[in-house]
Every structure is written in C-alpha cells, then in structure tokens.
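Read through the structure below, which is laid out as structure tokens, and then see the notes.
Numbering (this note's numbering), first residue to last: -1 to 274.
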C-alpha cells in the first residue's frame, strides 16, 4: 500500500519465497523440493558439481580432505566426458555461451542455437570438422530465423572467424539439416544504420520506400542486405539535402566504399527513388 495516503495498490500478491523455515543447512536440504532451473532443451547437459573447500554445512575441510575432493571432482568430470560426442558438446556449449555473451543475445537464442548444433552433431555434420565454425553457424541460423539485424560479419568477428569460412559452414549446416531460412530483408538494417548517423525518421521512411521499389524490380536478390540498406539510406539522405559522403556511410554500415558505390549506381540506374 501507499505509505503516504494508505491506498492499496494491489492485493493477493504472490510471495515467491519458500513457505517453510529452516535453522541450519541440514534442515534446509531436507525441506528443499526443487533444484536450480533447468533449460528446456538442455536438461541432459546438467552435470554434478561440488565444493572442495567446505562441507554441506559450510564448515572448512581439512587440507587432506580438500586434496581428496579435488581428485574426486576431476574423476567425476572425466567420467562424464568419456565419449567424444559428449566432449564435443561440452566444448560447443562453452564456445556458444561466449558468443552469446559477447553479442548480448538472450537465453532463448542461446538455447535454440545449442539445439541446432545438437541436431548437426547427431547427423554427423560436425565429425572431423571445426567445432567453432559450426557453433557460429548455428548461432547465425537462429539469428536469421528470428530475423534479427545481426549480420554474418558480426557473428564471424565475435567468433574469431573469417566471414568466408563462416558462410561456407552456414550453407553446409542449412543444407545438412534441410533448414528453410527466410530471405534476409535489408529493411531491418535501416534503423540500425540510421541510428548511428542520427538520421531523421523521414530519411528512414524514404529509404524503406526505395527498398520496396528495388524489391519489386528484383534488385535485392543475391545482394548483401546491409549494402543495399546503406545505399538506400545514402540516396534518401541526399534527397533530404543531408550532407553525408559515401565514405562516412560505408564506415557506419560496415561495408566497403566500392560495394556501396555499386549498389547506389544500380538503384539510380533502375530509378528506384520514389517520386514526390
């Protein structure tokens, strides 16, 4: 309720805490009914871990006992990763977690990416090949499936891979798993590039109209989406009398000046700029 006037803001609120009390660690363990949350598709990746410095009640262990516990933990880890497929999955999970953290991807994308990698592993697509490349390809496939504005070059950079290598493994993953991937729409990059350059919404609107005209004339197929989006923004900015060079826009959109110039020339030749 409000501390000033006494108004009840809401009632019947749920208490997420436990409904029982415990006065020591042993009693707490006896009354607990659940463990930590388990990821939906990754339950089999849960593994046993235990402390080597304290016991169940939080009391420090002796030096001899700590050495024994370290030995037992090492044996437990080795026993859980004896099979090559399990070791492969553990390595992939760690790599995928690093990429997801660097790119600030959500847990749902991480789960779906790991699920895609597991399907590739089950069909022997990864056997004898680079784990890093297939991990990055799995992340890229989920990003494109969810239509997120994260280009291939960004995934390759965060995974420390060459874009051509990632592109090769991505095609192999899509073909091997028979994935039906949506066509990468350049419109989703308009706002991202425009935000970097502080363009007005009117510039974005004109660029989107230009892309719509280019799509109707078949100029988008087979072209790099971000380059097409950058070219549309450049022509739109010029139409709104904004002073920006091709070099500045190429740098902000992470495309080469030559590629940007070619896409601009194609859009101009086909008269894609809307009238009015």
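Backbone N, C-alpha and C fix where the C-beta goes; we use that ideal spot for every residue, glycine too.
Beta-carbon proximity of residue i to residue j, cut-off 9 Å
i	j	result
residue 159	residue 134	yes
residue 187	residue 224	yes
residue 314	residue 201	Lying before the first or after the last residue shown, residue 314 is absent from the chain, which here runs from -1 to 274.
residue 189	residue 149	no
residue 171	residue 205	no
residue 115	residue 136	yes
residue 209	residue 227	yes
Secondary structure of residue i, DSSP reduced to three states
i	result
residue 57	coil
residue 125	coil
residue 52	strand
residue 174	helix
residue 39	Caution is warranted here: a pLDDT of 42 is assigned to residue 39, below 50, making its placement in the model unreliable, and no coordinate value can be reported.
residue 74	helix
residue 6	coil
residue 89	helix
residue 267	helix
Any chain D beta carbon closer than 9 Å to residue i
i	result
residue 121	No chain D appears in the structure shown, which is made up of a single protein chain.
Residue i classed as buried or exposed, judged by whether at least 16 other C-beta atoms fall within 10 angstroms
i	result
residue 100	exposed
residue 0	exposed
residue 179	exposed
residue 5	exposed
residue 70	exposed
Cutoff 7 Å; reference residue i; Cβ partners in own chain excluding five residues on either side
i	result
residue 151	161, 252
residue 117	175
residue 250	191, 194, 195
Contact set for residue i: own chain, Cβ-Cβ below 8 Å, skip 5 residues either direction
i	result
residue 58	51, 52
residue 244	232, 255, 258, 259, 262
Beta-carbon proximity list for residue i, same chain, < 6 Å, skipping 5 on both sides
i	result
residue 256	none
residue 107	140
residue 123	174
Residue i versus the options, residue with shortest Cα-Cα distance
i	options	result
residue 144	123, 155, 182	182
residue 156	103, 193, 109, 3	103
residue 132	109, 142, 164	164
residue 194	167, 242, 219	242
residue 267	60, 248, 217	217
residue 169	73, 142, 72	142
residue 97	120, 71, 153	153
Contact test: residue i Cβ vs the ligand SAH heavy atom, cutoff 8 Å
i	result
residue 57	Absence of the ligand SAH is noted for the structure shown, with no ligands found whatsoever.
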